[in-house]
Each structure stands twice: as C-alpha cells, then as structure tokens.
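For the sequence shown, the working numbering assigns the number 22 to the initial residue and increments by one for each residue that follows.
We put the CB at the ideal spot given by N, CA and C, even for glycine.
Remember, predicted model here, so these are calculated numbers, not experimental data.
Read the structure below first, then the notes.
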Amino acid sequence: MNFNIILPGLEDAIITKAEEIKGTYRVHIKLPQRVQQCPECGNPTNLVHDYRIQRIQHLKMFERDTYLFYHKRRYRCLCGKRFPEKNKVVERYQRHTIEWNQALGIRVIQGKNFKDTAAQFRTSQATAIRRFDHISSGYLKEVKELPKVIAIDEYKGDTNEGKFQVIIANAQTGEPLDILPNRSVETVKNYLRQKGSHVEMVVMDMSYSFKSAVKQALGKPIIIADRFHFCRYIYWALDRVRRRVQKEFNEYDRKKCKIMRHVFYKPQDKLSKKQSWYLERYLKQSEELKCAYQLKESFRIWFETSKKNGALMAEVKEGLKTFYNQVIESGIKEFIQAIKTLKNWQIEILNSFAFGYTNGFVEGLNNQTKVIKRNAFGFKRYDRLRLRVLLHHQFKVKGIPVI
Ligand SMILES: [Zn+2]
Numbered sequence: 022m023n024f025n026i027i028l029p030g031l032e033d034a035i036i037t038k039a040e041e042i043k044g045t046y047r048v049h050i051k052l053p054q055r056v057q058q059c060p061e062c063g064n065p066t067n068l069v070h071d072y073r074i075q076r077i078q079h080l081k082m083f084e085r086d087t088y089l090f091y092h093k094r095r096y097r098c099l100c101g102k103r104f105p106e107k108n109k110v111v112e113r114y115q116r117h118t119i120e121w122n123q124a125l126g127i128r129v130i131q132g133k134n135f136k137d138t139a140a141q142f143r144t145s146q147a148t149a150i151r152r153f154d155h156i157s158s159g160y161l162k163e164v165k166e167l168p169k170v171i172a173i174d175e176y177k178g179d180t181n182e183g184k185f186q187v188i189i190a191n192a193q194t195g196e197p198l199d200i201l202p203n204r205s206v207e208t209v210k211n212y213l214r215q216k217g218s219h220v221e222m223v224v225m226d227m228s229y230s231f232k233s234a235v236k237q238a239l240g241k242p243i244i245i246a247d248r249f250h251f252c253r254y255i256y257w258a259l260d261r262v263r264r265r266v267q268k269e270f271n272e273y274d275r276k277k278c279k280i281m282r283h284v285f286y287k288p289q290d291k292l293s294k295k296q297s298w299y300l301e302r303y304l305k306q307s308e309e310l311k312c313a314y315q316l317k318e319s320f321r322i323w324f325e326t327s328k329k330n331g332a333l334m335a336e337v338k339e340g341l342k343t344f345y346n347q348v349i350e351s352g353i354k355e356f357i358q359a360i361k362t363l364k365n366w367q368i369e370i371l372n373s374f375a376f377g378y379t380n381g382f383v384e385g386l387n388n389q390t391k392v393i394k395r396n397a398f399g400f401k402r403y404d405r406l407r408l409r410v411l412l413h414h415q416f417k418v419k420g421i422p423v424i
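Shown next as structure tokens:
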C-alpha cells in the first residue's frame with residue numbers, strides 16, 4: 022500500500038503503511054533509492070545491502086503519539102564498505118526525528134515552562150532543558166550597541182547569581198536588551214563601557230550606585246529619574262506618618278485604619294463615598310496625619326500638572342520648590358527626609374518631565390519573570406533565565422524561524 026501524502030519535514034519519504042495501534046499512530050516510511058557516495062572511497066554506488074527498521078519518535082499527529090518506523094536502507098560499495106543512506110529524518114544515534122527536535126526547540130522557547138512542553142512532547146523535563154540550552158544561545162541576537170535611550174532597573178530574577186539582577190532595556194520601545202548577573206557598580210560600568218558608546222539618555226531608579234556606574238562609563242549622559250521611583254518616596258513618607266499616628270488611635274480605629282490604608286494613596290477625586298468617609302474619620306483624629314495627607318495631595322497635583330504636555334519647565338521647577346517649602350513648614354520629619362532624596366535627584370526628576378521617558382514597563386517584565394519562576398524549575402540558573410526572557414521578547418516581535 023502506498024500513500025501519496027506529503028508530510029511536512031518528511032517530504033522525501035515514501036509512506037508504505039500507517040496504522041493506529043493502542044492509541045499510537047505508526048507511520049512506516051522509506052526513502053527512494055538513490056545513488057550514494059561511499060564514505061570510504063568516495064565512489065558512487067546504488068547497490069542495496071539490506072534494510073533495518075528504526076523506531077523513532079515523531080511529532081504527535083492527530084493528537085496521537087506518533088512513531089516513524091523508518092526502513093533504513095544500507096548500501097554497499099564495490100570497495101566493500103557498507104553504510105546507511107543519507108537522510109533528513111533522523112540524526113545518528115537519535116531516538117527522535119529532526120523535525121521533533123526542531124519543534125521542541127521552538128516550544129521550549131515559547132512555552133510557559135519546561136514541564137508542560139516536555140509533557141506535550143512525551144519527553145522528560147531534563148531533555149527539554151537540554152534542548153533549550155543547546156539551541157537558545159544560537160537564536161539570541163546579542164545586542165552589540167545599546168540604543169540612544171536606555172533604561173536601567175533592578176530586576177528580581179532570583180537566580181544562582183543572587184536575588185537581584187539588572188535589566189537593561191530600550192526606553193523608547195520597552196524591549197529588554199540584556200540582563201546583567203548582579204547590581205555591582207563594576208558589572209554595570211563594564212557593560213556600559215563595552216556597549217554604550219551611542220547612549221545619550223539613561224532612565225533609572227534612584228540608586229546611587231547605578232548613577233555612579235553610568236557616569237563612570239558614559240561620561241555625561243542625560244540621566245532621568247523614573248517617575249514611579251521618585252513618587253514612591255512621598256507615598257512612603259505618608260505611609261510612615263500613618264503608621265506612627267495610628268498607634269495613638271483606639272484599637273478599632275487602629276486596625277481599621279490599617280485595613281483601609283489605600284484611601285490615603287488614592288487620588289482624592291477618585292475616592293468613593295465610603296472611602297471618603299473613612300478618610301475623613303482618620304484625618305479628623307490627627308492634625309499631623311491631615312497635614313501629611315495634604316502634602317501628598319499637593320505633590321500629586323504638582324506631578325499630574327507637570328506631566329501634561331506643554332508644561333513649562335520653569336513652572337515645574339517652581340512647583341517643586343513650593344512643595345519643598347510646604348514640607349519644611351509642616352515640620353513632618355518623614356517628609357523632610359523624603360525631600361532630601363528628591364533634592365539630591367532634582368535634575369534627574371526635572372528631566373523626567375522634560376523628556377517624558379519612564380521605566381514603567383520594567384514592572385511588567387518583573388511580573389512576567391515571576392510567572393516563569395513560579396511555573397518552572399530550571400530557571401534558577403542566571404544564564405538560562407536571561408536567554409528565556411530575552412528570547413521571549415525577541416520572538417514576540419519576529420516569530421521563530423526554523424533552523
Ligand atoms: Zn567504497
């Protein structure tokens with residue numbers, strides 16, 4: 022019985038039989054007889070010596086585990102040499118088809134984790150991981166030169182190299198470009214020295230060590246403080262005041278205030294009736310908390326106004342100064358502490374309004390990593406996690422080519 026079906030990846034093969042046995046699909050194939058070159062003497066030959074049947078695992082077909090029964094022909098040469106025919110079905114000493122290996126390679130990069138991918142291919146996690154290690158570095162297009170605007174942020178990869186890594190991203194597109202093994206000034210500096218000759222702007226969280234690494238490696242790029250990171254100082258200050266003040270509340274209010282603490286952080290005009298009621302209740306009990314809350318609101322309004330297109334830098338700067346004065350007048354120590362940090366980063370903060378770049382997307386990358394880590398063992402290794410994250414983004418844009 023002969024089939025005239027062409028199977029992708031097996032275009033060459035002649036299917037001699039296909040059957041379903043105990044839920045598995047078995048396809049018998051052979052290749053057309055062809056002149057072969059003797060590996061020993063180099064002469065051509067088409068003398069068939071014998072056939073051997075090789076059972077090879079193939080990709081699932083029709084949702085069934087599929088095996089190829091490859092009737093592999095052996096040729097003989099006039100010189101006496103016997104050798105198997107050339108084929109694109111299976112490599113020597115392999116139990117899986119070339120097609121299977123390629124498909125697995127694609128799935129281990131795209132898939133959520135190794136476990137599901139391994140199950141889908143009826144193989145072990147160890148095989149899936151080995152396959153990933155084998156092919157992934159070949160796929161990754163390493164960044165040779167960083168773009169003009171980059172973002173640097175802490176990255177919680179939690180790998181064998183340590184809990185925190187550093188992520189370098191394109192701040193204009195949000196695309197991750199690299200993950201460095203650790204946060205040391207040396208690591209960041211060396212990396213930027215190698216690849217940063219085109220960099221003109223750097224968006225970063227407010228870490229002095231990043232700033233120093235950037236300055237040492239790149240000279241005088243424009244440094245931009247990330248909005249989320251500098252706003253956080255004000256929200257932290259309010260939180261500290263709330264915790265200090267609520268200790269004096271009665272037990273009920275103390276517990277409830279803690280539970281309802283989000284009402285302090287939400288923009289005032291976005292509060293529901295119920296939330297406003299709670300907010301009023303707590304602000305009435307402490308003049309200081311009320312004052313801290315008003316400072317947060319005036320910071321927020323300054324921030325929203327400054328963010329708007331067309332905001333004049335002189336006004337943005339003036340607004341920040343006014344806020345500093347309000348803080349000093351209030352005498353609330355948590356806020357005075359916070360504006361000390363803001364003052365140290367004032368140029369970088371103002372730059373964030375002048376240029377409009379943020380690191381906001383890094384948060385998304387961090388969350389994605391959490392998902393990868395939760396689902397998979399095997400990503401404790403820094404090099405593997407790095408490849409997984411970078412490749413995932415590379416292929417999200419371009420798709421995976423079969424190689
Ligand atoms: Zn020969």
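For the beta strand (DSSP E) containing residue i, name the first residue and the last one.
| i | result |
| --- | --- |
| H117 | H117 -> no beta strand (DSSP E), and no H or E assigned at all. |
| R76 | 68–82 |
| M334 | First-last for M334: 334–351, but that is the alpha helix (DSSP H), not the beta strand (DSSP E). |
| I171 | 170–176 |
| H219 | Taken as a continuous stretch (DSSP letters only), H219 belongs to no beta strand (DSSP E), as it is neither H nor E. |
| Q186 | 186–191 |
| A39 | 35–42 |
| K51 | 45–51 |
| F104 | 103–105 |
| I255 | Unbroken run through I255 is the alpha helix (DSSP H), 248–267; no beta strand (DSSP E). |
Using 8 Å for Cβ pairs, my map puts residue i next to residue j. What's the rounded Cβ distance?
| i | j | result |
| --- | --- | --- |
| F153 | I255 | The Cβ separation is near 44 Å, so there is no contact. |
| E171 | N203 | At residue 171 the sequence reads Ile, which differs from the Glu that was named. Not a contact, Cβ separation roughly 18 Å. |
| G217 | L239 | 5 Å |
| A246 | I370 | 5 Å |
| P197 | V48 | No, P197 and V48 are not in contact; Cβ-Cβ is about 42 Å, not under 8 Å. |
| E106 | L31 | In fact, because the Cβ distance is near 15 Å, the residues do not count as touching under 8 Å. |
| H70 | Y96 | 6 Å |
Within the continuous alpha helix (DSSP H) that includes residue i, where are the two ends?
| i | result |
| --- | --- |
| R204 | It is not in any alpha helix (DSSP H) - R204 carries neither H nor E in the DSSP assignment. |
| D154 | 146–160 |
| N372 | 367–376 |
| I280 | 272–280 |
| T180 | Counting along the chain, T180 falls outside any alpha helix (DSSP H), and DSSP gives it neither H nor E. |
| L1 | Residue 1 cannot be examined here, being either before or after the span of the chain that is shown, 22 to 424. |
| K317 | 308–328 |
| E237 | The residue asked about is misnamed: residue 237 is Gln in this sequence, not Glu. Q237 -> alpha helix (DSSP H) spans 229–239. |
When we look at the beta-carbon of residue i and count the other beta-carbons within 10 Å, is it buried (16 or more) or exposed?
| i | result |
| --- | --- |
| F400 | buried |
| R407 | buried |
| P29 | exposed |
| N346 | exposed |
| K43 | exposed |
| M225 | buried |
| E40 | exposed |
| H219 | exposed |
| I424 | Residue placement at I424 is poorly supported in this model, since its pLDDT is 45, which falls under 50; the coordinates are not used for a value here. |
| W323 | buried |
| K342 | exposed |
| T180 | buried |
| V111 | buried |
| V56 | exposed |
| W298 | exposed |
| F83 | exposed |
| V129 | buried |
| C62 | exposed |
Less than 8 Å between the beta carbons of residue i and residue j, yes or no?
| i | j | result |
| --- | --- | --- |
| P242 | V223 | yes |
| P60 | F104 | yes |
| V164 | I173 | no |
| L161 | Q415 | yes |
| K311 | L304 | yes |
| W121 | L68 | no |
| A258 | Q358 | yes |
| S145 | L412 | no |
Beta-carbon distances below 6 Å to any heavy atom of ligand 3 define the shell here; list its residues in chain order, please. With respect to ligand 3, the structure shown offers nothing to examine, as its ligands consist of ligand 1.
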